[in-house]
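Read in order, the letters of the sequence shown are residues 1 to 318 in full-length UniProt numbering. We treat Cβ as the ideally placed atom computed from N, Cα and C, and that holds for glycine. Worksheet for the structure shown next.
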Amino acid sequence: SLHAVFTVLFVYFTSISTAQTTDCLQLREQCINAANGCESVWNVVEDVCNISVLGNRCKAEDTIGCNRIIQVLADEYPEFKNCLCTTDNFCSITTLLAKQCSINKDNISTETKLQWSSSALSKQAYTANRTCLDVNKECVEDEVCNKQLSLYLKVCSVNKKCNTEECQAAIRFFYRNMPFEVAEMMTFCDCIQPDESCHRAKELLHGKPCAVTAVPPPSCLNVIHMCEENELCTKKYTTFRSKCWRHVTKKCYDDEACLETLIKDDMPCSANADCKAAYISSWGTMLHMECTCQNLSPAEQSLCKLFHHMLHSKSCFS
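What follows is the structure, given as structure tokens:
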């Protein structure tokens, strides 16, 4: 009978889904113990979504912020997307928090757009050469922007011990959840004269020192090699290279011996909107860390300088 067919199908699909699900409590433990930056994102989730006790309801006052950071977690660590509660004392990201904070990709973008549509800042057209002090002031005076900025500064605060990975996660979260023009205004702001307040504002907006400064600074070769060992960073680097330095990608791809033969004048940068978006998207990864070519052997110098030019040269955007 038809009823029997449906029962068989139901049992079949249930067994498939059970086989593919992972216990969220186990995932959380793995995440906290992993050395891949997952713990940092999880800490921000707990903080923003106010999960003080395991299995606590999502009591987040800022449900939009909570949604966004959960989406960051699910995007960067996809195993969280389909995990289910197999124990009563812990509710999964997608079951418990979904009910409380309505995690849904479309809802997030719609809510975010809705929030930003009430912001005067998002209606401004991008103008080059803005000072970071002006941009910072405008963000603080704008309710939507200030709310996001405070969340980010809370994690990257200079007053507490810096956790680089946590701060980098907060930067990625901050810049990916705003209109492109606003992100562009903030990332490309500068300080024209030696104005201390402007430099302080620039450091705040650009994640300094916590997200970008290591002591001693790594070599630019190390930065690229470390990036290539991280899935998220590799993705950002590949996009950045293909959108901004197409000539390099086309000619050498990952061949370091070939890259060494290139000189800076040989490297036109596309500097279009796609390139800017790829550059902004690389913020909050190790690609944005300050790096050096000092103390390297002469053989490594040319490749290191090439990487430094690609990652930190302002010529691409000025």
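Runs of the alpha helix (DSSP H) lying entirely within the stretch 214-258 and spanning at least 4 residues, in chain order: 220-228, 231-244 and 246-252.
Only residues of its own chain outside the window of five on either side were considered, and among them Ala278 have a CB closer than 6 Å to the CB of threonine 239, listed in chain order. Threonine 187 sits in a helix when the DSSP states are folded into three classes. Scanning its chain for C-beta atoms nearer than 7 Å, with the 5 sequence neighbours on each side dropped, one finds around glutamate 39 the residues Cys31 and Ile32, in chain order. The residue among Asp142, Val135 and Trp42 with its C-alpha nearest the C-alpha of glutamate 165 is Trp42. Take threonine 187, set aside five residues on each side of it, and the residues of its chain with a beta-carbon closer than 6 Å to its own are Ile280, in chain order. By the neighbour-count definition (other C-beta atoms within 10 Å, threshold 16), histidine 225 is an exposed residue. Each of Cys210, Asn136, Met310 and Glu203 was checked against the Cα of cysteine 220, and the nearest Cα belongs to Met310.
Inter-residue distance for glutamate 184 and proline 216 is about 30 Å (C-alpha atoms, whole angstroms).
Inclusion of cysteine 244 and alanine 271 in the CB contact set at 9 Å is warranted, their separation being smaller than that value. Going by beta carbons, phenylalanine 174 and glutamine 148 fall inside the 9 Å limit. A direct Cα-Cα distance of roughly 34 Å separates cysteine 275 from glutamate 46.
Contact between cysteine 132 and leucine 205 holds, with the beta-carbon distance rounding to 6 Å and staying under 8 Å. Its chain contains Cys220, Cys291 and Cys293 as the residues whose beta carbon lies nearer than 7 Å to that of histidine 308, once the 5 sequence neighbours on both sides are disregarded; these appear in chain order. Note: threonine 131 is bridge-paired with Asp190 in the DSSP secondary-structure output. With contacts defined as CB atoms closer than 9 Å, threonine 285 and cysteine 233 qualify as a contacting pair.
Within a 10 Å sphere around the beta-carbon of isoleucine 192 sit fewer than 16 other beta-carbons, which makes this residue exposed. Looking at the DSSP output, threonine 292 sits in a beta bridge with Ser219.
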